[in-house]
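Peer 1:
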Amino acid sequence: QVITVPEQGWAGIKNGELLKLASSSFDAFITIDQNLTSQQNLQQIDLIIIVFVHTIFLFWLPLLIEPICSLFYHPFDWPWQL
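Printed below as a string of C-alpha cells:
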C-alpha cells in the first residue's frame with residue numbers, strides 16, 4: 008500500500024518528526040529530499056528510506072511501486088546501509 012504524506016494527514020510535519028511517525032506505521036519511506044541523509048540521524052530510524060532524484064522519480068515511480076512493495080513480502084538482510 009502506498010500513501011502520500013498529505014493522504015496520511017501528516018502535511019506540514021517536518022523531517023525528524025515525520026520519519027518517526029512513518030517508522031511507527033510503515034516499512035519504507037520514499038522521498039526526493041536529497042538532503043535528508045545529511046540532515047537526519049537515520050541510525051535511530053527503523054525504516055527503509057529510498058531517496059530518488061526528482062526527474063527520475065517522476066518517470067519511474069509508476070513502474071517501481073510493485074517491485075518496491077514486493078520487497079516487503081520477501082524480506083532479506085540488506086547488504087548495505089542506506
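Residue numbering for the sequence shown follows our numbering, starting at 8 and increasing by one per position. Where is the CB? At the ideal position from N, CA and C, for every residue including glycine. Note that the coordinates shown come from a computational prediction; the quantities given were computed from them, not determined experimentally.
Just to confirm, is the Cβ distance from Val9 to Ile55 under 7 angstroms?
Peer 2: In the sequence shown, the residue the question calls residue 9 occupies position 2. In the sequence shown, the residue the question calls residue 55 occupies position 48. Note that the C-beta distance between Val9 and Ile55 is not below 7 angstroms.
Peer 1: Please state the DSSP three-state secondary structure of Ile57.
Peer 2: Your numbering for residue 57 matches position 50 in the sequence shown. Strand, per DSSP.
Peer 1: Return yes when the Cβ of Asp53 is within less than 7 angstroms of the Cβ of Ser30, no when it is not.
Peer 2: Within the sequence shown, residue 30 is the residue found at index 23, counting from 1. Within the sequence shown, residue 53 is the residue found at index 46, counting from 1. Yes, the Cβ-Cβ distance between Ser30 and Asp53 is below 7 angstroms.
Peer 1: For the alpha helix (DSSP H) holding Thr44, just list the boundary residues, first then last.
Peer 2: On the sequence shown, position 37 is the one that residue 44 refers to. Residues 43-46.
Peer 1: In this structure, does DSSP put Ala29 in helix, strand or coil?
Peer 2: Taking the sequence shown and counting its residues from 1, one reaches residue 29 at position 22. Ala29 falls in the helix class under three-state DSSP.
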